[in-house]
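Since the structure comes first, as structure tokens, the remarks are kept for the end.
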Amino acid sequence: MIESVSGTGPRLVLRGIVKRYPTIVANDGIDLTVGVGEIHAVLGENGAGKSTLMKIVYGLTRPDEGSIEWEGRPVAISSPAAARQLGIGMVFQHFSLFETLTVTENISLALDAEIEPAALASCIRDVSRRYGLPVEPHRLVHGMSVGERQRVEIVRCLLQSPRLLIMDEPTSVLTPQSVLKLFETLRRLAGEGVSILYISHKLDEIRALCDVATVLRGGKVSGTVQPRSETKDSLARLMVGSEIEPCQLRPRQPGPVRLELTGLSMASEDPFGTSLQAIDLRVREGEIVGIAGVSGNGQAELLAALSGELQVADRGQIRICGQAAGNLGPAQRRELGLTFVPEERLGRGAVPAMSLAHNAVLTGAHFGMVRGGLVRNGAAREFARATIAEFQVRGGDERSAAENLSGGNLQKFIVGRETKLAPKVMLVAQPTWGVDVGAAQMIRQALLDLRDRGVALLVVSEELDELFMICDRIAVLARGRLSPPVSTAELTLESVGALMSGGANDAPADDASPGPGGREAKARLDV
Amino acid sequence: MTTASAYMSVEQMIPILVSTLVAATPLIYAALGELVVERSGVLNLGVEGMMLIGALAAFAVGVSSGTLLLGYLAAMAAAALLSLVFAFLTLTLQANQVATGLALTLFGIGLSAFVGRHFAGLPIHAMRPLVIPWLSELPGVGALFRLDLLVYGSIVLYLAVDWFLRRTRAGLLLRAVGESPTVAHSLGHPVIRIRYLAVMFGGATSGIAGAYLSTALTPMWVEGMSAGRGWIALALVVFATWKPLRVLLGAYLFGAVTVLQLYAQGFGLNVPSEMLSMLPYAATIVVLVIICRDPTTIRLNQPASLGKSFHPDA
Amino acid sequence: MSEWPLRLEKRPRPSALMRIAAPSIAVAAMLVTGFIAFALLGKNPLSALYIYFVAPVDSLYGIGELLLKATPLLLCALGLALGFTANVWNIGAEGQFTLGAITGGGVALFWGPALGPFALPAALLAGALGGMAWAAIPALLRTRFHTSEILVSLMLVYISQLLLAWLVRSPWRDPLGFNFPQSKVFDDNLSLPVLFAGARANIAFPIALCLAALSWFFSARTFAGYRMRVAGLAPAAAAYAGFGEKRNIWLALTLSGAMAGLAGICEVTGPIGRLQPSISPGYGFAAIIVAFVGRLHPAGIVLSSLLMSLLYLGGESVQLELQLPAAVTGLFQGTLLFYLLAADLFVGYRLRRRHRDSLAEADPSGTETVRPPA
């Protein structure tokens, strides 16, 4: 593919790009060259500077130093409009679509010229047919699945006939089947001479798809390699800089049921939400049950129903340690032995402007930090100090505001806090989302330790690799329905993917072709 | 109205209808402007203050120059300038929108009272009605075609706002910014500039609303003469679930309540006048309760980013 | 802004110093504005500022007036601040103030003689309960029907004022009052004892100070106060922790309503001595400014209520001495709040000189936040 269109100069050359923020140098002298028709991976762990670099290329932010060359001539990309003018398109990780508008309206807002809606709709149909990206122009975005949304984003870019397409973590929200479909489209585009910058931290994908990979670490380039001739381990070393010890899931006989859901049903109050339908699940002492699935399939609703932020009418539908708890609030459920690590750390799991000591009081009220209606500041400080020490929280002490900690350290504090509240049942949502590798490793180990101490854990995560690493059993939540949990050893990425797309995603059944996945599923990602 | 109509002849109905249209007019201007502001995601609680400034500016310039047109231009300019202060504080300096809007109202009340002291008690030539030939000579309903320009203008403004929001790309962009400034920014749209323009539009229409009070509805300047109409306009936007047509209908409903309160004593109702004066305020509370009772209605219609600060460099 | 030689840069962490300094900066900016405004009005600005800010308090009587006018502001603002910290926007303190005057005044008029020495405490209690009941309406509508407490509490201001106007015009009018719309003067056992001879300030001020201390204890030390702070700073965290939103709304509104009602009854049993159509020059609204300028902190509110009281006195003073309208007070109040909101920018941001070689401009990923009040 590359050979067929090479011969001309490179499409994009970045030289010595530097971008500083008040507290961090996000990009520190980055060089990058993308050829015509090349699929070029930008690989790095969270916080390595990938997103900042892409925002620079797309004109959303400007570098402090360095130069950009586009098809042989130096350019300053001052805005996304300027980037689009050059022929650069971007598909964002968190889609940049307006929920309450139609597909056509959404696309028209990204075009620099005004086009008659009817004419635009037919253009959209044309492009979607040509690239096999089914999209219905008149539909509202809010009813769409994640896969459909991504197709809208890609079609939106393609309408402007881009010569460089930036894909920011495009597969983090897709089922394995949709990923294969996406790869097909991308290869086809590359074949037509479109260059693609593919941002990811998933090593298997990069090895399957990309021609060249630039690896970033701490804002610097740590290597430029051909991923097909690298092993996963060698890529991981470039990305992390050291060896990562894999987690150990020791076999263990689970005990009695601690968390029991029987026919849990809940109509969503949010018009854009998902209703839960007759969910059955049992989590036993000393096991981790994982819930896989693409966000927006009822994850938020299920977690809210379990934590007590939403209550169910039939209290028997949720039992915590044998007690009917469906009608109890979060604080009462905590007294039954339930703790919860939410997905949003800042603003939900912790109050950004409050000190860690005061953030301990958030869920630790019944744990000696409140007595006689008064907050016991001494006890709160003591608790926070112990948590910080035990869970190696860095970058602050018990007086530091939560907002001043990095994502990984704050997550360690929250996991630590919920762990130290002596849970019998623990809910964890997206445990390592946006967390650096070291912290992720430590958090997973902490969850496994809890399991080994006899806690019943329920982990909701979009990262299948992570679930395969730490879970005894995995169930899939799709369109508000939960599949029966299956022992992890009996599962492959494909079988989970099939469950995910069964209801939720829209990849048709014929899409579930046996890809390179069988091998990957057993390989169990180490990073 | 329908039950009352059984006891009224057409001749009695028409004046009530006319008064209703007139009483609704300032509410329409203020509420349509605020609707545009809120659709862009900004909550400006300063409508009452801007109306008072507009009322005073129109009166002062109208009296001094003898030309009401100049008065109206001054009202729009003055209120838009005040809204610019709000925009600068909330959009550029990221101040809390609720607090800044309250400050705007308090400031507008203070400033208009301070500057307006020279104008209290002065006479002004009220706006002359626009007599539409032939139609205005019809018996009975003819009175509907002898209203002042601003009454017809309020309907034109409704049509314009509705067309802008639904049919134009700029209107689409405004709605998009109100739903998600983050996404609009990531596509390269000037979120802050769009919001500035929306806020100033709302300021200008509040100015017209105020001007109408002091030059047409009750042609004189009295301290605090808007008497909560700015707040009622804010409530109307919620009542209308952010839809222009419902603003229009809501304003007529309020106009009718205001007018009925004046006519009630004429019908021989023996209710203290203070109790009747409470009606518009009580009605505001009642309609808010009716609309907000179902949170889904609000969630489906309220601009998603309403009242939240947005900073492009975070 | 991109053309300015200076640019705004987000501080790595909010500046605690600026949080405290911002009100002083705002007061200084207000004085400068006053200086310019007086000059433009053709007055000697220095002597005008003296007449405004110093002359009113250069006597014992003046100090008494300062405390007298600070009292209702302090009481209302303490309650409002409790709500504002929890994101509950009661802006109808003026209405709760009026209702407090009505219910307390009703007790005073009809049971005053019968209750003897208990009449005053009974009236104060009735006033606080009246304000509380009035604030319970927006609380009920917000918790039951999701209705904005901002609009409801404000509408109730107009309703309460009309109610008072009707009462003193008709059923409660003093029959011997030459048809003036006012009640008869309260009996002697119903007037608040003055603090010191030669001034009008009464024991309501020390009561308000005690309540300030109590309210500090409430927000800083109690779990209920902690829950309200969490609700204001991070509503989702409050839901996660299980701090019921409804409880906070009820607490914030009833407490602030009771304080405003107490302020109302103290005003009519203090300096006014009877019920009449107009009992407040907008204390309930000015208290919003007092709460913000005081950083929603009881100690700050004590200071800012004295400042705001001085603004009222100064307005009266320039009216007498310089023939300027008393409305200048409202102007100063509004300006002060504007400057404060602007000065607050520097809590989170700082000015930096723009690097000549820097390309930096609008930065990446826009983010949306709900900022806690001030």
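Protein chains in written order, with this note's numbering: chain H, 11 to 537; chain Z, 24 to 337; chain P, 7 to 380. Using N, Cα and C, we set each Cβ at its ideal position, and we do this for glycine too.
What is the residue span of the beta strand (DSSP E) that Ile-298(H) lies within?
Its beta strand (DSSP E) spans residues 298-302.
Is the shortest distance between the beta-carbon of Ala-122(Z) and the beta-carbons of chain H less than 8 Å?
No, because no Cβ of chain H sits closer than 8 Å to the Cβ of Ala-122(Z).
Looking at the structure shown, is Tyr-141(H) part of a helix, part of a strand, or coil, going by DSSP?
Coil at Tyr-141(H), not helix or strand.
With Asn-116(H) as the anchor, note down where its alpha helix (DSSP H) starts and where it stops.
Its alpha helix (DSSP H) spans residues 113-120.
Can you say whether Glu-160(Z) is buried or exposed, counting buried as having 16 or more other CB atoms within 10 angstroms of its CB?
Burial call: exposed.
Does any residue of chain Z have a CB that is nearer than 8 Å to the CB of Asp-350(P)?
Yes - at least one Cβ of chain Z is within 8 Å of the one on Asp-350(P).
Please state the DSSP three-state secondary structure of Arg-529(H).
For Arg-529(H), the predicted model reports a pLDDT of 29, less than 50, meaning its position is unreliable; a value from the coordinates is still stated below. Helix.
Once the 5 residues before and after Ala-76(P) are set aside, which same chain residues still bring their CB inside 6 Å of it?
Correct list, in chain order: Ser-311, Leu-312, Ser-315.
At 8 Å on the CB atoms, spell out the chain P contacts of Ala-305(Z), in chain order.
Near Ala-305(Z) (Cβ distances below 8 Å), the residues of chain P are Met-161, Ile-165.
For the segment 252-289 of chain H, list the beta strand (DSSP E) runs that are entirely contained and at least 3 residues long, ordered along the chain.
Within the segment 252-289 of chain H, the complete beta strand (DSSP E) runs of at least 3 residues are 267-276.
DSSP state of Tyr-68(H), grouped into three classes?
Correct three-state label for Tyr-68(H): coil.
If you draw a straight line from the alpha carbon of Glu-109(H) to that of Pro-326(Z), how long is it in whole angstroms?
So the alpha carbons of these two residues sit roughly 11 Å apart.
Alpha carbon to alpha carbon, what distance is there between Ile-57(P) and Ser-221(P)?
Their backbone Cα atoms lie some 34 Å apart in a straight line.
If you measure from the beta carbon of Ala-341(H) to each beta carbon in chain P, is any gap under 8 Å?
It does; some Cβ of chain P falls within 8 Å.
From the beta carbon of Pro-362(H), is the nearest beta carbon of chain Z less than 8 Å away?
Judged by the 8 Å Cβ criterion, Pro-362(H) is not in contact with chain Z.
Considering only DSSP beta bridges, list what Asp-38(H) is partnered with.
Asp-38(H) pairs with Val-28(H).
May I ask you to report which of helix, strand or coil DSSP gives Val-41(Z)?
Three-state result, Val-41(Z): helix.
Compare the C-alpha of Lys-212(H) against each of Ile-453(H), Arg-21(H), Pro-237(H) and name the closest.
The shortest C-alpha separation from Lys-212(H) is found at Pro-237(H).
Which same chain residues end up closer than 6 Å to Pro-287(P) when comparing Cβ atoms and leaving out the 5 residues on each side of it in sequence?
So the list is empty, once near-sequence residues are dropped.
In the DSSP assignment, find the unbroken beta strand (DSSP E) run with Ala-51(H) in it and report its ends.
Its beta strand (DSSP E) spans residues 49-53.
When you compare each of Leu-437(H), Arg-25(H), Gly-54(H) to Glu-79(H) by their alpha carbons, which one comes out closest?
Comparing Cα positions, the closest option is Arg-25(H).
List the DSSP bridge partners of Pro-84(H).
The partner list for Pro-84(H) (beta bridge, DSSP) reads Glu-79(H).
Is there at least one Cβ from chain P nearer than 8 Å to Pro-318(Z)'s Cβ?
True, the Cβ-Cβ gap to chain P drops below 8 Å.
Once DSSP output is grouped into helix, strand and coil, what is the label at Pro-20(P)?
Looking at Pro-20(P) - three-state DSSP - the assignment turns out to be coil, as it is neither helix nor strand.
Could you check whether the Cβ of Ile-295(P) sits closer than 8 Å to any Cβ belonging to chain Z?
It does; some Cβ of chain Z falls within 8 Å.
Which of the three DSSP states, helix, strand or coil, is assigned to Met-36(Z)?
In this structure, Met-36(Z) counts as helix in the three-state DSSP scheme.
Please work out which residues of its chain come closer than 7 Å, Cβ to Cβ, to Arg-17(P), disregarding the five sequence neighbours upstream and downstream, and give them in chain order.
Taken in chain order, the residues that qualify are Gly-354, Tyr-355, Arg-356.
Is Asp-462(H) buried or exposed, if buried means 16 or more other CB atoms sit within 10 Å of its CB?
Answer is exposed; the Cβ neighbour count stays below 16.
I'd like to know whether the C-beta of Thr-110(H) is nearer than 8 Å to at least one C-beta of chain Z.
Yes - at least one Cβ of chain Z is within 8 Å of the one on Thr-110(H).
Rounded C-beta distance between Gly-205(H) and Val-46(H)? I'm assuming under 8 Å.
Per the sequence shown, the amino acid found at residue 205(H) is Ser instead of Gly. Contact flag correct, Cβ pair sits at about 6 Å.
In three-state DSSP terms, what is Pro-172(H)?
Correct three-state label for Pro-172(H): coil.
I need the DSSP call for Met-249(H), collapsed to helix, strand or coil.
Three-state result, Met-249(H): helix.
Closest Cβ-Cβ distance between Gln-339(P) and chain Z: below 8 Å?
Yes, Gln-339(P) lies at the interface with chain Z (some Cβ there is under 8 Å from its Cβ).
Measure how close the beta-carbons of Ala-98(Z) and Ile-231(Z) come, nearest whole angstrom, since I'm counting them as under 8 Å.
Indeed they touch by this definition, with Cβ atoms about 6 Å apart.
Excluding five sequence neighbours on each side, which residues of the same chain lie with their C-beta closer than 8 Å to the C-beta of Ile-314(Z)?
Excluding residues within five positions, the ones whose Cβ falls inside 8 Å are Val-261, Phe-262, Thr-264, Thr-320, Ile-321.
If we ignore side chains and look at the alpha-carbon of each, how far apart do Gly-513(H) and Val-496(H) end up?
Bear in mind that a pLDDT of 46 at Gly-513(H), under 50, signals an unreliable position, so the number given afterwards is only what the model happens to contain. Looking at the two C-alpha atoms, the distance is approximately 18 Å.
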